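J.:
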Amino acid sequence: MYTKRNILITTTNTIEGIPIVEYKSVITANIVMGVNFLKEFVASFSDFFGGTSGKYRKEMDRAYNLAMEMLEDKAIALKANAVVGAKVDYDEISGGGKSMLMVSISGTAVVIQAPSKGEKHVSEVISRDTLNRLYLIETYKELINGGNWFPKQKDWDVFNSENMTELIPILFPLYITAELNNPKEPYDSYKYESTITNFPSFLEQLEFNEACSIIYGDWSDNSKTHKIIIDLIISNHLFNPEYIVNKIPSIDKHLAIKLLTADKNSYSADDSTPLKKIVDYFDNLPDTGHLEEEKGGLLKKGGTVMICEKGHKTSIEKGEYCQDEYCGLNIKGITQSEVEIIKEFSKKVQILLSVLK
Ligand SMILES: [Zn+2]
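The numbering of the sequence shown is my numbering, which starts it at 154 and goes up by one.
1) Do you know how far the Cα of MET213 is from the Cα of PHE201?
2) Would you say the beta carbon of LEU444 is closer than 6 Å to some non-hydrogen atom of ligand 1?
3) Between which residues of its own chain and CYS365 is the CB-CB distance below 8 Å, once the five residues before and five after are set aside?
4) Ordered along the chain, which non-local residues of its own chain (more than five positions away) have a Cβ less than 8 Å from that of PRO427?
5) Could you give the C-beta distance for LYS485 and LEU438, rounded to a whole number, given that I count them as a contact under 8 Å?
6) In chain order, what residues of the same chain have a beta carbon less than 7 Å from the beta carbon of GLU447, not counting five sequence neighbours either side?
7) Determine the contact status of MET223 and ALA182, defining contact as a CB-CB distance below 7 Å.
8) Sorry if obvious, but does the Cβ on ASP477 come closer than 6 Å to a heavy atom of ligand 1?
9) Just to check my reading of the structure: THR163 and ALA239 have Cβ atoms closer than 8 Å, yes? What is that Cβ distance to the nearest angstrom?
10) With three or more C-beta pairs closer than 8 Å as the rule, is the region 471-484 touching the region 399-414?
11) Less than 7 Å between the beta carbons of PHE498 and LEU413, yes or no?
12) For ligand 1, any of its heavy atoms closer than 6 Å to the Cβ of HIS465?
13) Name the residue from ARG286, LEU287, GLU245 and VAL179 whose alpha carbon lies nearest to the alpha carbon of VAL237.
14) Taking the alpha-carbon of GLU363 as reference, which of ASP282, GLU493, ILE321 and THR292 has the nearest alpha-carbon?
15) Is DSSP giving TYR243 helix, strand or coil here?
16) Looking only at DSSP bridge pairs, what is THR512 linked to?
17) Considering only the beta carbon of each residue, do ILE329 and THR378 sit closer than 7 Å?
18) Note down the Cα distance separating THR467 from SER403, rounded to an integer number of angstroms.
19) Could you work out which residue in TRP302, ILE229 and VAL185 is closest to LEU219 when comparing CA atoms only?
20) Opposite HIS443 in the DSSP bridges: which residues?
21) Can you tell me where the beta strand (DSSP E) with LYS466 in it begins and where it stops?
22) What are the boundary residues of the alpha helix (DSSP H) that includes ARG286?
23) Does DSSP put MET255 in a helix, a strand or coil?
24) Using C-beta distances below 7 Å, list every residue in its chain close to LYS380, excluding the 5 sequence neighbours before and after it, in chain order.
25) For ILE323, write down the residues that DSSP places opposite it in a beta bridge.
26) From what residue to what residue does the alpha helix (DSSP H) around LEU408 run?
27) If you draw a straight line from the alpha carbon of THR488 to that of PRO326, how long is it in whole angstroms?
28) Can you tell me the Cα-Cα spacing of LEU359 and GLU491, whole angstroms?
29) With hydrogens ignored, establish whether the beta-carbon of LEU385 is closer than 6 Å to any heavy atom of ligand 1.
30) How about GLY449 and GLU462: do their beta carbons lie closer than 7 Å?
31) Thinking just about the alpha-carbon of each residue, which of ASP436, ILE368, ASP433 and TYR293 is nearest to the one in PHE312?
32) Would you call VAL508 buried or exposed, if buried means 16 or more other Cβ atoms sit within 10 Å of its Cβ?
33) Are ARG286 and GLU245 close, meaning C-beta to C-beta below 7 Å?
34) Tell me the DSSP secondary structure of ILE229 in three-state form.
35) Please determine whether the Cβ atom of LEU452 lies at a distance below 6 Å from any heavy atom of ligand 1.
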C-alpha cells in the first residue's frame, strides 16, 4: 500500500511488476506504549470479547500507526520510496512490576521505479492516513452521486491536497453541468464557480490516456456540451486522433474544425492512421450549397452563381465565399478562416507523417 507521503510499504520482498533500483538499508521503528495496560488486559482476559478488548485494540492500533509513521520518516530520510519485507512484532516488556507494549516494524528501505499513477498495490497493512483518505473519497462520492451538490473551494482544496484523482470520472459530468448552468443562472453562479475554475487544472493530474478515456467517453448529442468538451480538449492538450476520428462525423462541422486547433504533447506512429483519416474527412466534406446558371437579362449580367447553404446568392466571379455580411460560407458551408485551419492541420499532419514513418 502507498502511504499519504507516497511510500510503498509491503510485507513481500519483491513487488510484482516494479523493479527495485537500489537497496538502502534495513530500518526499524520501535514504539513503546501503555504502561501497565497489558497487565490490565491479561487480568481481564475473561473479558476479552467485552469492553476491555476494545481499549486494548485501540492502544495497539495507535502504537502500530505511530510505528508506521516513524518507519516512513526513516525511509524518506534515506531517500527511499518503498519499504519491502516489512515485519510487525508486538512484544511485552516487563520489569519492576510494570508492563509495556512494544511495537516494532522493520523492513528494507529501497528505491523502486516510480509506478505510473492509477496502479494499485494490495497489501495486508493499511495506514490510518490511507484509511482516512479512502473514507473521505467515499463521503465525496456519496455527495456527488446524491445529485445537486457542487464542490466549494474548500472541497477542491481537499481534492488537490489529497490528490483524489479517483473522483475525476464523477466530477467530469459535474463540470459539464456547471458550465451549462453558469450563464443560465447568474444568480446561482457561486455554486458552479469553483468547479469551473478548478476542474481543468485538476484533470491535469491524470496521465494523457487516462484523461482521454474520461473526456472522450459518452458525449450527448448536444452541441453546447460538445463545445465545452472541445474547449477542455484544447486547453488541456488532449487531442487524441484515435478518438477524434470517430467523433467528428457526429458533431457540428464548425466545432469539428475548432477541434483541429487542439494539440497534444507528443505524437507517435500509432497516430498516423487516424490523423490521415481526419485529413481525408475534411478533404471530402460534402457540398451543402450548389451552383446555378443565371441567364442574363436586360438589367442583369448572367453567369454562374453559388447558392450557399443559407440560400444567399453570390456570383462566382466575386470569389468562392458567400458575400452576405453575416455569412461568408463557401459551397461546403465553411468560412475562409475554417478553410485555413484545415489547411494548417493537413500541413502539420504531412510533416508528422514524414517524421513518424
Ligand atoms: Zn451565405
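Glycine included, C-beta positions come from ideal geometry on N, C-alpha and C. All of these numbers come straight from a predicted model, not from anything done at the bench.
T.: Result, derived from the coordinates:
1) Along the sequence shown, one-based indexing puts residue 201 at 48. Along the sequence shown, one-based indexing puts residue 213 at 60. Low confidence applies here, because PHE201 scores a pLDDT of 42, under 50, leaving its location unreliable; read the following figure in that light. The alpha-carbon atoms of PHE201 and MET213 are separated by roughly 14 Å.
2) Position 291 of the sequence shown, counted from the first residue, corresponds to residue 444. No; taking the cut-off as 6 Å, the Cβ of LEU444 has no heavy atom of ligand 1 nearer than that.
3) For the purposes of this step, residue 365 is taken as the residue at position 212 of the sequence shown. Excluding residues within five positions, the ones whose Cβ falls inside 8 Å are LEU391, ASN393 and TYR396.
4) Here residue 427 refers to the residue found at position 274 when the sequence shown is read from its first residue. The residues are PRO394, GLU395, ILE397 and VAL398.
5) Translated into the one-based positions of the sequence shown, residue 485 becomes position 332. Translated into the one-based positions of the sequence shown, residue 438 becomes position 285. Indeed, because the Cβ distance is near 5 Å, the residues count as touching under 8 Å.
6) What you label residue 447 is simply residue 294 of the sequence shown in a count that begins at 1. Excluding positions up to five away in sequence, the list reads GLY455, GLY456 and VAL458.
7) Taking the first residue of the sequence shown as position 1, residue 223 is located at position 70. Taking the first residue of the sequence shown as position 1, residue 182 is located at position 29. Yes, the pair counts as a contact, with Cβ atoms nearer than the cut-off.
8) The residue labelled residue 477 in the question sits at position 324 within the sequence shown. Within the cutoff, so yes.
9) Taking the first residue of the sequence shown as position 1, residue 163 is located at position 10. Taking the first residue of the sequence shown as position 1, residue 239 is located at position 86. Here THR163 really is in contact with ALA239; their C-beta atoms are around 6 Å apart, less than 8 Å.
10) They do not touch, by the three-pair rule.
11) One-based indexing of the sequence shown puts residue 498 at position 345. One-based indexing of the sequence shown puts residue 413 at position 260. Yes. Within cutoff.
12) Position 312 of the sequence shown, counted from the first residue, corresponds to residue 465. Remark: the C-beta of HIS465 is in contact range of ligand 1, defined as less than 6 Å to any heavy atom.
13) By one-based count along the sequence shown, residue 237 stands at place 84. Proximity to VAL237 across ARG286, LEU287, GLU245 and VAL179 peaks at VAL179, based on C-alpha coordinates.
14) Taking the first residue of the sequence shown as position 1, residue 363 is located at position 210. Measuring from the Cα of GLU363, the nearest candidate turns out to be ILE321.
15) Numbered from 1 along the sequence shown, position 90 holds the residue referred to as residue 243. Three-state DSSP puts TYR243 in a strand.
16) Look at the range of the chain in this structure, 154 to 510, and you will see that residue 512 is not part of it.
17) Counting from 1 along the sequence shown, the entry for residue 329 is found at position 176. Counting from 1 along the sequence shown, the entry for residue 378 is found at position 225. For the 7 Å CB-CB criterion, ILE329 and THR378 form a contact.
18) If you number the sequence shown from 1, residue 467 lands on position 314. If you number the sequence shown from 1, residue 403 lands on position 250. Cα-Cα distance, rounded: 29 Å.
19) Within the sequence shown, numbered from 1, the residue matching residue 219 stands at position 66. When each option's Cα is compared against that of LEU219, the closest is VAL185.
20) The residue you call residue 443 lines up with position 290 of the sequence shown. Paired residue(s): ILE460.
21) As a first step, residue 466 must be located in the sequence shown, where it is residue number 313. Secondary structure note for LYS466: its beta strand (DSSP E) is the uninterrupted segment 466-468.
22) Counting from one through the sequence shown, the residue named residue 286 turns up at place 133. ARG286 -> alpha helix (DSSP H) spans 281-299.
23) Position 102 of the sequence shown holds residue 255. In the structure shown, MET255 sits in a strand (DSSP, three-state: E or B).
24) As a working mapping, residue 380 is identified with position 227 in the sequence shown. Its chain contains LEU408 as the residues whose beta carbon lies nearer than 7 Å to that of LYS380, once the 5 sequence neighbours on both sides are disregarded; these appear in chain order.
25) Along the sequence shown, read from residue 1 onward, the residue named residue 323 stands at position 170. Paired residue(s): none; ILE323 is not in a bridge.
26) Position 255 of the sequence shown holds residue 408. Looking at the DSSP string, the run of the alpha helix (DSSP H) that includes LEU408 is 406-412.
27) Looking up residue 488 in the sequence shown gives position 335. Looking up residue 326 in the sequence shown gives position 173. When rounded, the distance between both Cα atoms is 32 Å.
28) Numbered from 1 along the sequence shown, position 206 holds the residue referred to as residue 359. Numbered from 1 along the sequence shown, position 338 holds the residue referred to as residue 491. Just so you know, the alpha carbons of LEU359 and GLU491 end up roughly 31 Å apart.
29) Looking up residue 385 in the sequence shown gives position 232. Not under cutoff, so the answer is no.
30) Locating residue 449 in the sequence shown gives position 296, where the first residue counts as 1. Locating residue 462 in the sequence shown gives position 309, where the first residue counts as 1. Going by C-beta atoms, GLY449 is not nearer than 7 Å to GLU462.
31) Here the question's residue 312 lines up with position 159 in the sequence shown. Checking every option, the nearest Cα to that of PHE312 belongs to TYR293.
32) Counting from one through the sequence shown, the residue named residue 508 turns up at place 355. Looking at its Cβ environment, which holds fewer than 16 other Cβ atoms inside 10 Å, VAL508 is exposed.
33) The sequence position of residue 286 within the sequence shown is 133, counting from 1. The sequence position of residue 245 within the sequence shown is 92, counting from 1. In this structure, GLU245 does not lie closer than 7 Å to ARG286 by Cβ.
34) Residue numbering aside, residue 229 sits at position 76 when the sequence shown is read from its first letter. Residue state, collapsed to three classes: helix.
35) Your numbering for residue 452 matches position 299 in the sequence shown. No; taking the cut-off as 6 Å, the Cβ of LEU452 has no heavy atom of ligand 1 nearer than that.
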